[in-house]
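Working notes, structure below.
Numbering (this note's numbering), first residue to last: 115 to 781.
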């Protein structure tokens with residue numbers, strides 16, 4: 115989830131507005147927030163292994179590959195693995211001849227946590243989707259409250275002009291958010307047993323509910339059992355417990371007792387995870403256009419089970435990070451911050467301790483927040499299920515967990531505020547839900563050592579600098595998304611912060627001046643990152659289009675590669691193979707589109723990859739070594755058979771994405 119961890123389950127927006135708003139966007143006023151002066155890029159290494167001199171990475175939020183591209187048809191001569199090609203659905207979104215492949219089950223997990231629980235029973239009809247998202251669009255709420263006069267003030271110049279209208283539209287119009295069925299879906303009370311099309315019942319330009327996407331929940335959703343492994347699916351993962359996890363535990367309980375009564379509506383999700391869009395009926399038009407024009411991957415994955423924080427960390431560090439004393443020494447967090455996914459007595463899968471953390475305003479005390487696991491210790495709750503599964507595979511996979519290290523699995527605030535001051539981190543007061551500063555080596559260190567320029571461009575960074583506690587309703591910067599904000603060496607050095615973390619306005623200044631850094635990492639704000647319930651996919655499309663259009667109009671385009679992806683699947687169902695790499699994942703497929711003069715033609719790349727593949731691309735292109743001896747960028751490129759290009763025969767393996775381009779031997 116984007117933004118502060120205190121906004122993890124539902125963004126703290128204004129009260130729902132009561133009137134519809136039809137305001138033409140005034141693109142001329144007011145002026146955008148003043149950007150920091152971009153630092154002059156240092157002289158840098160220019161020799162590259164490809165013609166790419168400028169890598170631009172755009173990371174949206176929470177969509178699986180099948181969720182967006184379920185019905186995508188590639189150009190002639192190309193193939194794609196999705197719900198349509200597998201016969202799970204037809205082009206019109208209705209069930210296909212192999213629909214049974216997506217059928218979902220309920221299960222029983224009443225004691226020790228299992229990532230492949232027994233007692234499975236086929237759903238006849240999956241649970242109803244619970245209403246999610248704002249009754250009135252967030253932009254309209256801000257307008258009704260007098261905080262803006264035009265949508266341009268929300269994203270000052272960062273959306274393609276025709277998309278500003280969507281900031282003011284798409285509210286659910288429903289008053290029972292989180293408590294009842296989504297009546298926009300005509301058959302919500304009688305859904306089929308597997309995947310189903312969300313539109314047109316819920317229009318493409320509409321807010322919708324968000325599925326759970328936490329670590330132990332995602333392992334259960336995948337339902338992985340080594341005894342069920344086959345040549346085509348050597349991981350033995352069945353992907354068949356998505357709604358069951360949603361309705362039994364959802365986004366966590368923070369250690370509280372299960373509510374009584376407890377129904378399929380209690381967790382506020384239902385079967386949201388099984389929704390998909392239909393690109394053949396006009397959904398996701400711009401992303402589809404990019405896929406048709408350039409290249410995409412249908413075998414790209416979130417790098418870890420779970421959500422936003424861990425997956426951005428995995429990109430930045432090619433590894434997970436852990437609780438410490440802030441000086442590089444491993445320590446144990448307090449008990450309430452340790453994950454315990456065992457079922458509370460008398461419940462089915464209601465975890466003992468798991469959650470984003472909460473605050474009791476009556477007693478003025480924090481509670482919950484379980485998000486760490488010492489995965490080298492198989493006496494710890496939840497750990498044996500995953501470790502034993504990895505060890506029982508035909509080719510056992512090492513968990514890659516260091517002794518006494520409690521690894522962060524779910525969203526916590528980074529150790530620093532934007533100005534380099536320490537975030538609240540009193541071990542006796544865990545209200546801040548903050549991981550201490552980390553000394554783990556990251557991709558920024560490798561780039562700095564080689565004198566290669568890079569910048570993390572955070573949408574809303576300038577506003578966040580003056581509002582680190584997210585009190586301003588316009589502040590939707592994502593602090594947990596910035597891998598460098600966890601790192602001591604960047605955040606304690608004002609010069610490095612100014613050079614390597616900047617507002618998105620600076621990116622557009624760099625494009626205009628034809629002075630892009632070698633590596634640009636771009637994160638949209640929570641308004642436009644595409645996160646379900648708090649944003650919309652069409653807003654992320656408008657965000658991406660503005661960047662692509664501006665880069666293509668610059669001289670930097672001739673040597674640029676724009677990677678468009680999502681941090682994770684958001685908990686949406688996906689049918690693709692998931693390769694076990696270590697304790698942390700891999701996770702579900704998520705889209706990757708590669709926009710470059712060297713990736714034209716609508717090619718679909720099948721090589722197995724995840725977020726660390728972006729790290730590997732940067733390292734190969736600029737001749738950098740892996741970050742550490744244990745980081746995932748040490749994995750080789752995958753080898754696969756023609757019969758099954760999706761499953762590496764040399765597991766664990768991750769592609770460096772060079773094969774997604776046509777460089778024609780040029781340097």
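For every residue, glycine included, the Cβ atom is placed at its ideal position computed from N, Cα and C.
With a cut-off of 8 Å on the beta carbons, I'd call residue i and residue j a contact; round off their distance for me.
i	j	result
residue 242	residue 384	5 Å
residue 308	residue 388	6 Å
residue 348	residue 761	6 Å
residue 421	residue 598	Incorrect: roughly 19 Å between the Cβ atoms, too far for contact.
residue 471	residue 368	6 Å
residue 400	residue 659	6 Å
residue 286	residue 247	5 Å
residue 444	residue 519	5 Å
residue 632	residue 168	6 Å
residue 799	residue 289	The structure shown does not extend to residue 799, since the chain is modelled only from 115 to 781, so the question has no answer here.
residue 616	residue 571	6 Å
residue 699	residue 490	At roughly 17 Å, the Cβ-Cβ gap does not stay under 8 Å, so residue 699 and residue 490 are not in contact.
residue 529	residue 492	29 Å between Cβ atoms; not a contact.
residue 354	residue 219	5 Å
Suppose the cutoff is 6 Å on Cβ atoms and the five residues either side in sequence are ignored; what does the same chain contact list for residue i look like?
i	result
residue 466	454, 456, 458
residue 669	628
residue 375	none
residue 265	139, 253, 278, 281, 282
residue 685	325, 326, 327, 387
residue 488	494, 520
Exposed or buried, which one is residue i when buried takes at least 16 other CB atoms within 10 Å?
i	result
residue 323	buried
residue 398	buried
residue 301	exposed
residue 136	Only weak support is given to the placement of residue 136: the predicted model assigns it a pLDDT of 33, under 50, and the value that follows is read from those uncertain coordinates. Exposed.
residue 681	buried
residue 216	buried
residue 157	Note on residue 157: pLDDT 41, under 50, position unreliable in the model; the coordinate value appears next. It is exposed - the Cβ of residue 157 has fewer than 16 other Cβ atoms within 10 Å.
residue 197	buried
residue 724	buried
residue 683	buried
residue 236	exposed
residue 747	buried
residue 751	buried
residue 573	buried
residue 477	exposed
Thinking C-alpha only, which one of the options is nearest residue i?
i	options	result
residue 677	173, 165, 735, 562	173
residue 738	338, 564, 610	564
residue 244	703, 325, 423	325
residue 743	221, 556, 577	556
residue 657	666, 675, 637, 672	637
residue 508	478, 777, 350	350
residue 675	682, 681, 666	666
residue 566	618, 733, 357, 236	733
residue 74	181, 633, 414	Because the chain is modelled from 115 through 781, residue 74 falls outside the range shown and cannot be assessed.
residue 404	718, 696, 468	718
residue 749	767, 574, 230	767
residue 705	298, 525, 177, 160	177
residue 276	777, 576, 171, 652	652
residue 378	393, 392, 359, 371	359
residue 74	227, 716, 493	Absent from the model: residue 74. The displayed extent of the chain is 115 to 781, so no value can be given.
residue 382	371, 654, 362	362
residue 731	432, 483, 685, 579	432
residue 483	366, 225, 353, 211	366
residue 298	440, 249, 741	249
residue 580	533, 267, 673	533
residue 184	237, 271, 311	311
residue 763	316, 179, 345, 771	345
residue 391	614, 650, 189, 747	650
residue 234	225, 221, 227, 226	221
Report all residues from its chain with a CB closer than 8 Å to the CB of residue i; omit the five preceding and five following residues, and keep chain order.
i	result
residue 306	209, 213, 239, 240
residue 195	412, 413, 689, 690, 720, 760
residue 522	423, 424, 427, 434, 435, 436, 437, 485, 486, 549
Excluding the 5 residues flanking residue i on each side, which residues of the same chain have their C-beta closer than 7 Å to its C-beta?
i	result
residue 541	Caution is warranted here: a pLDDT of 49 is assigned to residue 541, below 50, making its placement in the model unreliable, and no coordinate value can be reported.
residue 696	511, 512, 513, 514
residue 283	251, 319
residue 223	231, 457, 462, 463
residue 662	676, 709
Cβ of residue i versus every heavy atom of the ligand COA: is any distance shorter than 7 Å?
i	result
residue 488	For the structure depicted, the ligand COA is absent and the ligand set is empty, with no information on it obtainable.
Original post:
Between the segment 329–345 and the segment 495–512, are three or more C-beta pairs nearer than 8 Å?
Top reply: yes
Subject >> contact_flag[the segment 744–764, the segment 575–590] where n(CB pairs < 8 Å) is 3 or more >> reply: no
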